[in-house]
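Trainee:
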Amino acid sequence: MSGDVEGIVVRLLASLVLHGDATFMVPQMGPVSRDSRNGNGYRRVSYNNRRSRHRFCLVVYMLAKIHRLQVNGGSYTVRGLYYSDPHLIRTQRHIAAARLDVCHMLKTSPTRLGVLSASKGLMAGDIRMLMTNGDVLDCSVYSGAIILPTDTEKVERIVTQADFVLVVEKESVFESLLARDLFGTFGRRCILVTGKGYPDCSTRRIVHRLSTECHLPAYILVDADPFGIEIMLVYRLGSQSMSFTSGDLATPTLRWIGLHPSEIPALSSGAVALSSGDNKKIYDILARDYIGPGVRQELRSLRQIQQKAEIESVIDFLSTDYIPNKINRNLFL
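Note that the sequence shown covers residues 2 to 334 in the numbering used here.
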């Protein structure tokens, strides 16, 4: 990758010397503002443009840091880079945006760059992770939940006797399942994971590796609302802004066990009306051509009944009935 970084810099210098133009052409993976669109699927980040000058400087800064990592090894965190020069970077959001630009330019993921966000994901269950430095992260039932490692590429080997992986959208549901002894009541070994809402790369990478390396079936439980469905799709297919990294982070075989919008009418309580933002998100997801027919039908059900429900609506019988019933009877999408 260092050669790719050097190639970007050489092209930038050539353009600067020959044309006086210091501009990065960043492949665009999402919506583009009118003032930065050039019609060819790229966004211009230029030093000559006052509005993008700061971002240009941060991209140069990021390329320099990444090149150093490629030559010398190691890793950085977004937080650590920010505190190394807060006057230049201004906010962690700015350096995260520059990292995303470089990911687009190099067509790679943050984990491959070595510039990482602090992991927020939690895991519990029958699993041990053997690290490259010799450490062992033992996440057995008896050890309780652990925070996932920030650099998942330092997990050399995963050892587990689990039968499946269960991903839950929210930390509150994760903690509730542990408190209600999910592992004891269900009667099958499993690994419980949460990304605490919209998942970070580390959480998605671990779920991907459990599916591909350990050959475990993976299930996911999210709220019956458009944002829960969006989170399920991020785990399954990858995020829209980083679609080129789906091979490393996505789990296409992920099975959505609930909550399904079509189940909302059967719930005795807990459903609330959709907001205008919810409806906008439904139309946004339905406009994507890669959405499967089952998911598409559930989105239409959501739009039709104009109600949403949280996982907590079934929390009293989640571990004893809902989850086992969905898995044992293959009631998933």
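Note that beta-carbon positions come from the ideal geometry of N, C-alpha and C, so glycine has one too.
Measure the C-alpha to C-alpha separation of residue 38 and residue 222 and round it to an integer number of angstroms.
Mentor: Legend: pLDDT at residue 38 = 44, less than 50; position of this residue unreliable, no value from coordinates given.
Trainee: Determine the direct distance from the alpha carbon of residue 141 to that of residue 129, and round the result to whole angstroms.
Mentor: Residue 129 and residue 141: Cα-Cα distance of roughly 7 Å.
Trainee: Can you tell me where the beta strand (DSSP E) holding residue 25 begins and where it ends?
Mentor: Start and end: 24–28.
Trainee: Quick check: the region 178–188 against the region 149–156, are at least 3 beta-carbon pairs closer than 8 Å?
Mentor: No, the region 149–156 does not touch the region 178–188.
Trainee: Is it buried or exposed, residue 295, if we count other Cβ atoms within 10 angstroms and call 16 or more buried?
Mentor: The residue in question, residue 295, is exposed, as its Cβ has fewer than 16 Cβ neighbours within 10 Å.
Trainee: DSSP state of residue 151, grouped into three classes?
Mentor: It is coil, neither helix nor strand.
Trainee: With burial defined as no fewer than 16 other Cβ atoms inside 10 Å of the residue's Cβ, what is the status of residue 256: buried or exposed?
Mentor: So residue 256 counts as buried.
Trainee: Could you check how far apart the C-beta atoms of residue 166 and residue 192 are, in whole angstroms? I think they sit under 8 Å.
Mentor: Correct: roughly 5 Å between the Cβ atoms.
Trainee: On the three-state DSSP scale, how would you describe residue 84?
Mentor: If DSSP states are grouped into helix, strand and coil, residue 84 belongs with the helices.
Trainee: If you check the beta carbons only, do residue 262 and residue 225 fall under 8 Å apart?
Mentor: The answer is yes: Cβ separation under 8 Å.
Trainee: Considering only residues of the same chain and omitting the five flanking positions on each side of residue 77, which have a CB-CB separation below 8 Å?
Mentor: The answer, listed in chain order, is 66, 70, 115, 116, 117.
Trainee: Which of helix, strand or coil does DSSP assign to residue 210?
Mentor: Helix.
Trainee: Using 8 Å as the threshold, is the region 80–94 in touch with the region 102–114, meaning 3 or more CB pairs across them?
Mentor: Touching, no.
Trainee: In its own chain, which residues sit with a C-beta less than 8 Å from the C-beta of residue 137, not counting the 5 before and 5 after it?
Mentor: Cβ within range, chain order: 129, 130, 131.
Trainee: Distance check for residue 195 and residue 33, CA to CA, integer angstroms please.
Mentor: Note that residue 33 scores a pLDDT of 39, beneath 50, so its modelled location is shaky and nothing firm can be said.
Trainee: Can you tell which of 258, 204, 218 has its C-alpha closest to the C-alpha of residue 235?
Mentor: Closest by alpha carbon: 204.
Trainee: What is the rounded straight-line gap between the Cα of residue 300 and the Cα of residue 227?
Mentor: Using only the alpha carbons, I get a separation of about 7 Å.
Trainee: Take the Cβ of residue 108 as the centre, count every other Cβ of all protein chains shown within 10 Å, and call the residue buried at 16 or more, exposed below.
Mentor: Result: exposed.
Trainee: Roughly how many angstroms separate the alpha carbons of residue 330 and residue 264, rounded to a whole number?
Mentor: When rounded, the distance between both Cα atoms is 16 Å.
Trainee: Please work out which residues of its chain come closer than 8 Å, Cβ to Cβ, to residue 55, disregarding the five sequence neighbours upstream and downstream, and give them in chain order.
Mentor: Here the set comprises 91, 95.
Trainee: Looking at residue 216: is its Cβ nearer than 8 Å to the Cβ of residue 250?
Mentor: Their beta carbons are not under 8 Å apart, which means residue 216 does not touch residue 250 by this criterion.
Trainee: Please classify residue 333: does DSSP put it in a helix, a strand, or coil?
Mentor: Residue state, collapsed to three classes: coil.
Trainee: Output the distance between the C-alpha atoms of residue 46 and residue 79, rounded to the nearest integer angstrom.
Mentor: Approximately 20 Å between the Cα atoms of the pair.
Trainee: With a 10 Å radius around its C-beta and 16 neighbouring C-beta atoms as the bar for buried, classify residue 201 as buried or exposed.
Mentor: Residue 201 should be labelled buried.
Trainee: Can you check which of these residues, 27, 237, 23, is closest to residue 100 by C-alpha distance?
Mentor: Cα-wise, what sits closest to residue 100 is 27.
Trainee: Could you tell me the alpha carbon to alpha carbon distance between residue 322 and residue 213, rounded to whole angstroms?
Mentor: If you take the alpha carbons of residue 322 and residue 213, they lie about 28 Å apart.
Trainee: Take residue 285 as the anchor and find which of 270, 304, 308 has the nearest alpha-carbon.
Mentor: Cα-wise, what sits closest to residue 285 is 304.
Trainee: Under DSSP, the beta strand (DSSP E) around residue 156 begins and ends at which residues?
Mentor: Here the beta strand (DSSP E) through residue 156 covers 156–160.
Trainee: Starting from residue 145, follow its DSSP beta bridges and name the residues at the other end.
Mentor: Answer by DSSP bridge pairing: none, since residue 145 is not bridged.
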